[in-house]
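I have placed the structure first, in the form of structure tokens, so that the comments after it can refer back to it.
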Amino acid sequence: MSAYDKLKQLGIELTKPATPAANYLPIKKSGNNIYISGQLSANANGLIKGTMGKDITIEDGQIAAKLCAISIFSQIVHNANIELDDIKSFVKLTILVSSTPEFINHHLVANGASDFIVEILGDKGKHARAAFGVSALPLGAVVEIEAVIEV
Amino acid sequence: MSAYDKLKQLGIELTKPATPAANYLPIKKSGNNIYISGQLSANANGLIKGTMGKDITIEDGQIAAKLCAISIFSQIVHNANIELDDIKSFVKLTILVSSTPEFINHHLVANGASDFIVEILGDKGKHARAAFGVSALPLGAVVEIEAVIEV
Amino acid sequence: MSAYDKLKQLGIELTKPATPAANYLPIKKSGNNIYISGQLSANANGLIKGTMGKDITIEDGQIAAKLCAISIFSQIVHNANIELDDIKSFVKLTILVSSTPEFINHHLVANGASDFIVEILGDKGKHARAAFGVSALPLGAVVEIEAVIEV
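Protein chains in written order, with our numbering: chain R, 9 to 159; chain F, 9 to 159; chain W, 9 to 159.
Given below as structure tokens:
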């Protein structure tokens, strides 16, 4: 089953992402790698805002991380013009989690993104990653994820 | 107009940066990419210190980010021995903003660097980026930026 | 003297690391680069937990950073199946330090890793790096380090 079919089966549509309102790019190619700018947790209704350890449950944090992964897919398809099945390899994720100093389950939040990417892409979706707590994220988002893929 | 002429017009001189006092390098080449170590916000008078959301305005945060970008240029010219006009592409910026948990305008601070790089380098200066809040930065700096460029 | 002999002289053994319990990889190769996932500060007795500026001294923070570097070496040897002497170059470290907003010596903590890597690998161990404070790390670790190497 193609990545596209798997997404369809899950009822996930990769809508065209908004263009950055500033002097940077959503994706940048360098050699065989594509760097995807930090994607904030958001769905069709807007940003998922909050702080882990304060007002977001682990489950909702994982959903937020999954939404970042969906946005990464959208950037790849719409702005890098690469079909998901043509990705050679997911190289690396950096998972930034807005959290209190007491919260120590950033890795569980990160799994929301890692699990989803591997569910859709299989083995080539397996990546290196780092997850950690940040004091806050742009516009109050609860999760931000940047990625490097190989094409 | 060359990048050098644009800098001159803005009255910006790329002075030779201090050598790191520890066992790391200001720049490291790998293949066609150059990784530039995190540059702290500083001018000729020393570090720009502080915390966004506490004692630094957005405007001053943007100036701090621009100063990091100037330091990145200085590293490229003086330590990688590459003229700005010979940069093939700015690939990625990671913009670390020392900030309180309440501050959510890291992207606006980051624009101080992104806008300046694109002003000097034009389209090839456009980059992927991630910006986020950190609990604090070395020596109390308000902004730190690391970069990957392609030559 | 080989890297292996230097480690032996220091009484450091590179034990096989635990397999990640989630859908990500400890290392991922892309072209000539290997990305090593964020390694938490740990020794044979478990994680080194804490927060710089609160309950960990600079010296103990440096030991924690060195332990992350040892784990990076273990990942390279056991999971990338590359001998330390076959590393072409250490490219980059990202050093995440769990710390209070008042702590500003992340660079000194980072030196615990940078010094050790250069001690073992010599000049080819010299790397670009960024060090900064994070609100917290997975499972309460005090330091997490991710790396990019070239082979």
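Every residue, glycine too, gets a C-beta built ideally from N, C-alpha and C.
For residue i, three-class secondary structure by DSSP
i, result
"W:L145", "coil"
"R:F111", "coil"
"R:E67", "helix"
"R:V150", "coil"
"W:I80", "helix"
"W:A103", "Note that residue 103 of chain W is Ile in the sequence shown here, rather than Ala. If DSSP states are grouped into helix, strand and coil, W:I103 belongs with the strands."
"R:N119", "helix"
"F:E158", "strand"
"W:S36", "Reading off the sequence, residue 36 of chain W comes out as Lys, not Ser. Correct three-state label for W:K36: strand."
"W:I125", "helix"
"F:G46", "strand"
"R:A138", "strand"
"R:G54", "strand"
Under 7 Å between C-beta atoms of residue i and residue j
i, j, result
"R:Q83", "R:P146", "no"
"R:G46", "R:M60", "no"
"W:V150", "W:A72", "yes"
"W:H115", "W:F140", "no"
"F:G148", "W:I112", "yes"
"F:K14", "F:I128", "yes"
"F:I161", "F:A155", "There is simply no residue 161 of chain F to check, as chain F begins at 9 and stops at 159 in what is shown."
C-alpha distance - residue i paired with residue j, whole-angstrom precision
i, j, result
"W:I78", "F:A30", "19 Å"
"F:I64", "F:Y43", "29 Å"
"R:E110", "F:H86", "43 Å"
"F:A118", "W:L18", "43 Å"
"F:I56", "W:A52", "41 Å"
"W:I153", "F:A50", "25 Å"
"W:K24", "F:L92", "45 Å"
"R:Y32", "R:V159", "21 Å"
"F:Q157", "R:S38", "According to the sequence displayed, residue 157 of chain F carries Ile and not Gln. Rounded to whole angstroms, F:I157 to R:S38 spans 9 Å at the Cα level."
"R:L48", "R:D94", "24 Å"
"F:G130", "R:N40", "23 Å"
"F:E21", "F:C76", "14 Å"
"F:K74", "W:A26", "42 Å"
"R:K62", "R:K16", "34 Å"
"F:G54", "W:P28", "43 Å"
"W:G58", "R:G58", "24 Å"
Item to check | Cβ pair count under 8 Å reaching 3, the segment 135–146 of chain F against the segment 91–108 of chain W | outcome: The way I'd put it, the segment 135–146 of chain F does touch the segment 91–108 of chain W; three or more beta-carbon pairs between them come closer than 8 Å.
Next on the checklist: Please list, in chain order, the residues of the segment 31–42 of chain R that have any C-beta partner in chain F closer than 9 Å.
Outcome noted: For the segment 31–42 of chain R, the residues whose beta carbon sits under 9 Å from a beta carbon of chain F are, in order, N31, Y32, L33, P34, I35, K36, K37, S38, G39, N41, I42.
Next on the checklist: Below 8 Å, how does it come out for the segment 119–139 of chain R and the segment 85–105 of chain R: are there three or more Cβ pairs, yes or no?
Outcome noted: By the Cβ criterion, the segment 119–139 of chain R is in contact with the segment 85–105 of chain R, since at least three pairs of Cβ atoms, one from each stretch, lie closer than 8 Å.
Checklist entry - Given 8 Å as the limit, is there contact between the segment 10–24 of chain R and the segment 118–127 of chain F, that is, 3 or more CB pairs closer than that? => result No, they do not touch.
Checklist entry - What residues in the segment 128–153 of chain F bring their beta carbon closer than 7 Å to a beta carbon of chain R? => result Here the close residues are K134, H135, A136, R137, A138, A139, F140, G141, V142, S143.
Checklist entry - What residues in the segment 72–105 of chain W have a beta carbon less than 7 Å from any beta carbon of chain F? => result For the segment 72–105 of chain W, which is checked against every Cβ of chain F, the residues closer than 7 Å are S97, V99, K100.
Next on the checklist: Counting only Cβ-Cβ distances shorter than 7 Å, please list the residues of the segment 50–69 of chain R near chain W, keeping chain order.
Outcome noted: Using a CB distance below 7 Å, no part of the segment 50–69 of chain R faces chain W.
Item to check | Members of the segment 115–128 of chain W near chain F, C-beta cut-off 7 Å | outcome: Identification of residues in the segment 115–128 of chain W having a C-beta nearer than 7 Å to some C-beta of chain F yields H115, N119, S122, D123, V126, given in sequence order.
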